[in-house]
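The structure appears right after this line, and notes come after that.
There are 2 protein chains.
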Amino acid sequence: MEFIEELRSLKEQVKFEAKFDVGNDFQKVVIAGMGGSGIVGRIFQELYSDKPVYLVNDYNIPNFVGRDTLFIAVSYSGNTEETLSATRSAIKKRARVVAITSGGELAQIVDEKAIVPKGLQPRSGLGYMLMPIINTLAPQKRSTIEKTYMLLDRMDKDNTEMRAMAERINKSKGIPVIYGYFPFGAVAYRWKTQFNENAKVLAHSSSFPELNHNETMALSETYRKGGVFVIAFANTNDSRIAKRILWTQRLTKSRFELVKPKGTSTFERLFYLIHYGDYVSHHLSLLRKVDPTDISLIEQLKRSVSK
Amino acid sequence: MEFIEELRSLKEQVKFEAKFDVGNDFQKVVIAGMGGSGIVGRIFQELYSDKPVYLVNDYNIPNFVGRDTLFIAVSYSGNTEETLSATRSAIKKRARVVAITSGGELAQIVDEKAIVPKGLQPRSGLGYMLMPIINTLAPQKRSTIEKTYMLLDRMDKDNTEMRAMAERINKSKGIPVIYGYFPFGAVAYRWKTQFNENAKVLAHSSSFPELNHNETMALSETYRKGGVFVIAFANTNDSRIAKRILWTQRLTKSRFELVKPKGTSTFERLFYLIHYGDYVSHHLSLLRKVDPTDISLIEQLKRSVSK
Chain F
233 MEFIEELRSL KEQVKFEAKF DVGNDFQKVV IAGMGGSGIV GRIFQELYSD
283 KPVYLVNDYN IPNFVGRDTL FIAVSYSGNT EETLSATRSA IKKRARVVAI
333 TSGGELAQIV DEKAIVPKGL QPRSGLGYML MPIINTLAPQ KRSTIEKTYM
383 LLDRMDKDNT EMRAMAERIN KSKGIPVIYG YFPFGAVAYR WKTQFNENAK
433 VLAHSSSFPE LNHNETMALS ETYRKGGVFV IAFANTNDSR IAKRILWTQR
483 LTKSRFELVK PKGTSTFERL FYLIHYGDYV SHHLSLLRKV DPTDISLIEQ
533 LKRSVSK
Chain E
233 MEFIEELRSL KEQVKFEAKF DVGNDFQKVV IAGMGGSGIV GRIFQELYSD
283 KPVYLVNDYN IPNFVGRDTL FIAVSYSGNT EETLSATRSA IKKRARVVAI
333 TSGGELAQIV DEKAIVPKGL QPRSGLGYML MPIINTLAPQ KRSTIEKTYM
383 LLDRMDKDNT EMRAMAERIN KSKGIPVIYG YFPFGAVAYR WKTQFNENAK
433 VLAHSSSFPE LNHNETMALS ETYRKGGVFV IAFANTNDSR IAKRILWTQR
483 LTKSRFELVK PKGTSTFERL FYLIHYGDYV SHHLSLLRKV DPTDISLIEQ
533 LKRSVSK
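Protein chains in written order, with our numbering: chain F, 233 to 539; chain E, 233 to 539.
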């Protein structure tokens, strides 16, 4: 499948109906995953707070994992070394373990699983991996899903705006810095990772209001020297955050490129922002003449480390 | 107090004996704080996993906060707008609320508190703010505290190594990128914030193994162009992480500056790494001829936003 086709499949992914029958008999949710699969937990942690969601992006699991824990292992390939290690530990500690994967070893060691379609880059399967968790713990109305489908479809048909942003980034010598805000802090991180993997450029993300407590001090000088290309998610409903975006620009004498999520629900806005970043990083890869699907270094690293 | 004196006070801070009498009758720990106070929660989350530790770096608290939640509010000044907002919500929801502060409004609204000494930059009071949580939930042996005191004292007496690193950073045109690993991922973030606030330079942090799943793809080109100055914490006991550090350098053709924490316990190594970064950022501020205590932009921003 061509990379652009992978991107276009996101709208179908939001309709993925897999879910888990886990009841409500757990106190904590642990989501384990790395990279393009790990982002799923990060995004969900900001969407859901009825129970604590704890992220594992490493080999080890926290001590508290036990029978009262819903442990969700996410690995597109099913063969991610860190996630397999964490999942084995969770099984030993008798957590309620479920998995989201296209197969691999993870599908062998976990009974209850959502099997996602094969054949994509893991990071292009974000919708498939996120939806089973949303369907289980924070289900959306059918109309919201439909509206999101339509929104993403329009972006697939016309993404000149994203290509124009990619052109401006490519002309700039600054590294892309993406500023998010709750509940889209993880989406800013997603943009960063997409810039890394698709366009092979360094990028940095952080979130309002935390960034106002430290990195704002470095911004004016770096901006003046052209060291950064700042993208900020706008259209927040929180007037305190809107003020922060405005004042950070004024006081640091910087200009941010604002991305204004469309849609009325958090779900629509979430996928709008994700898709927007996917397209910007894709167009940037074309402008830079690099192959967005080439992640050979990551693959070599996996092989070298597991030797 | 001179900034260098603030740094030198860290060894006294690890002896700070304040603690809370909270028993064991809670299921979740929420730690709220921003910037130099917020880092406390990030660090503690990696040290303790008997119960889920959830971080709040924003105005709002998660839905799950209730009577079974230990809510720890950390604000050096006691007047941080986001932390006050989150703490008021936690009080309303009848969480067990305690506070760590030098005074301010936070000291007025919370009954049970650890009062830390005034007169420091908030970020220089990290030890004072961290110890009450450690003393309460993960107490250390007296001998460990003593060894840490001695270790920090030696660093105060001789920090030529840290000055040399600051000189190399200053000569380089790259932005400092700090790679941590569990349980020192938050310390890498601490370095980043210290570079921002003390030396007024942009910086970026991330952690093994997560960084091997995305930003490694951007490293070789950025490194070759001199765009980054990479510092990695070394001396991990985990051979899988040690391999990753080695192979990431080899495959991306990059050279990392390794910081090897001294000490045998996690506690000693934690404070060694914190103090090392404090000195590097301090020396970098001198080389760049900027005032490490100047955070006027952050203060202006707070005033503008709260208008």
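Built from N, CA and C at the ideal position, the CB exists for glycine as well. Model, not experiment: these values are computed from the prediction.
Where do the ends of the beta strand (DSSP E) carrying residue i lie?
| i | result |
| --- | --- |
| histidine 436(E) | 436-440 |
| tyrosine 411(E) | 407-413 |
| tyrosine 286(F) | 285-288 |
| alanine 596(E) | The first residue shown for chain E is 233 and the last is 539, placing residue 596(E) beyond what the model contains. |
| threonine 333(F) | 328-333 |
| lysine 325(F) | Lysine 325(F) -> no beta strand (DSSP E), and no H or E assigned at all. |
| lysine 350(E) | Per DSSP, lysine 350(E) belongs to no beta strand (DSSP E) and is neither H nor E. |
| alanine 264(E) | 260-264 |
Going by CA-CA distance only, name the one from the options that's closest to residue i.
| i | options | result |
| --- | --- | --- |
| arginine 520(E) | Val491(E), Lys457(E), Asn428(E) and His436(E) | Asn428(E) |
| proline 493(E) | Ala466(E), Leu316(E) and Leu352(E) | Ala466(E) |
| arginine 487(F) | Lys350(F), His514(F), Tyr455(F) and Asp470(F) | Tyr455(F) |
| glycine 335(F) | Ile323(F), Leu316(F) and Lys325(F) | Leu316(F) |
| threonine 471(F) | Asn402(E), Phe235(E), Val537(E) and Gly359(E) | Here residue 471(F) is serine; the residue named in the question, threonine, does not match the sequence. Minimum Cα distance to serine 471(F) is reached at Val537(E). |
| isoleucine 347(F) | Ile332(F), Ala327(F), Ser452(F) and Lys432(F) | Ile332(F) |
| proline 371(F) | Val512(F), Ser497(F), Ala322(F) and Asn402(F) | Ser497(F) |
| alanine 431(E) | Asp282(E), Pro524(E) and Val272(E) | Pro524(E) |
| glycine 417(E) | Phe276(E), Glu234(E) and Asn402(E) | Phe276(E) |
| valine 201(E) | Tyr381(F), Leu279(F) and Pro294(F) | Missing from the structure shown is residue 201(E); chain E here goes from 233 to 539 and no further. |
| phenylalanine 296(E) | Glu531(E), Arg326(E) and Lys475(E) | Arg326(E) |
| phenylalanine 499(F) | Ser321(F), Leu383(F) and Glu442(F) | Leu383(F) |
| glutamate 314(F) | Glu234(E), Phe414(E) and Thr319(E) | Phe414(E) |
| isoleucine 530(F) | Leu478(E), Leu505(E) and Thr448(E) | Thr448(E) |
| leucine 533(F) | Thr312(E), Ile473(E) and Leu533(E) | Ile473(E) |
| aspartate 385(E) | Ile323(E), Tyr504(E) and Ala450(E) | Tyr504(E) |
| arginine 274(F) | Tyr280(E), Gly273(E) and Leu287(E) | Leu287(E) |
| histidine 281(E) | Gly298(F), Asn446(F) and Glu453(F) | The displayed chain sequence assigns serine, not histidine, to residue 281(E). The shortest C-alpha separation from serine 281(E) is found at Gly298(F). |
Consult DSSP for residue i and reduce its assignment to one of helix, strand or coil.
| i | result |
| --- | --- |
| valine 297(F) | coil |
| alanine 474(E) | helix |
| phenylalanine 461(F) | strand |
| threonine 484(E) | helix |
| phenylalanine 499(F) | helix |
| leucine 490(E) | strand |
| phenylalanine 248(E) | coil |
| leucine 338(E) | helix |
| leucine 316(F) | helix |
| lysine 243(F) | helix |
| leucine 369(E) | helix |
| serine 517(E) | helix |
| serine 321(F) | helix |
| serine 307(F) | strand |
| valine 512(E) | helix |
Spatial neighbours of residue i within its chain, please: CB distance less than 8 Å, with the 5 preceding and 5 following residues excluded, ordered by chain position.
| i | result |
| --- | --- |
| isoleucine 527(E) | Gln353 and Glu429 |
| glutamate 489(E) | Met397, Arg400, Phe461, Val462, Ile463 and Ala464 |
| valine 409(F) | Ala435, His436, Ser437, Ser438, Val460, Phe461, Val462 and Ile463 |
| lysine 424(E) | Pro408, Ile410, Ala435, His436 and Ser437 |
| phenylalanine 258(E) | Lys283, Asp300, Thr301, Leu302 and Arg328 |
| arginine 501(E) | Phe416, Asn467, Pro493, Lys494 and Gly495 |
| isoleucine 271(E) | Gly265, Arg355, Leu358, Ala418, Tyr421, Arg422 and Thr425 |
Apart from the five residues on each side of it in sequence, which residues of its chain come closer than 6 Å, Cβ to Cβ, to residue i?
| i | result |
| --- | --- |
| methionine 387(F) | His507 |
| glycine 268(F) | Pro354 and Arg355 |
| valine 512(F) | Met394, Met397 and Ala398 |
| valine 261(F) | Lys283, Val285 and Leu302 |
| serine 309(F) | Gly336 |
| valine 330(E) | Phe252, Ile304 and Glu344 |
What residue range does the alpha helix (DSSP H) around residue i cover?
| i | result |
| --- | --- |
| tyrosine 455(E) | 448-456 |
| arginine 535(E) | 528-538 |
| lysine 403(F) | 392-403 |
| valine 272(E) | 267-279 |
| arginine 240(F) | 235-240 |
| valine 419(F) | 417-431 |
| aspartate 388(F) | 374-389 |
Within a Cβ cutoff of 7 Å, which residues of the same chain sit near residue i, ignoring the five residues on either side of it in sequence?
| i | result |
| --- | --- |
| lysine 405(E) | Gly458 |
| glycine 412(E) | Val419, Ala420, Ser437, Ser439 and Phe465 |
| leucine 518(F) | none |
**Request:** Would you check if there are 3 or more beta carbon pairs closer than 8 Å linking the segment 242-259 of chain F to the segment 376-385 of chain F?
**Result:** Contact between the segment 242-259 of chain F and the segment 376-385 of chain F is present, because at least three Cβ pairs lie under 8 Å.
**Request:** Check whether the segment 362-372 of chain F touches the segment 468-488 of chain F, counting contact only when three or more Cβ pairs, one atom from each stretch, lie closer than 8 Å.
**Result:** No, because fewer than three Cβ pairs between the segment 362-372 of chain F and the segment 468-488 of chain F fall closer than 8 Å, the two stretches do not touch.
**Prompt:** Is it a yes or a no for the segment 235-245 of chain E touching the segment 253-264 of chain E, going by three-plus beta-carbon pairs under 8 Å?
**Reply:** By the C-beta criterion, the segment 235-245 of chain E is judged not to be in contact with the segment 253-264 of chain E, since fewer than 3 inter-stretch pairs fall below 8 Å.
**Message:** Is it the case that the segment 298-313 of chain F contacts the segment 338-350 of chain F, given that we only count it when at least three CB pairs across the two stretches are under 8 Å?
**Reply:** Between the segment 338-350 of chain F and the segment 298-313 of chain F there are three or more C-beta pairs closer than 8 Å, enough to call the two in contact.
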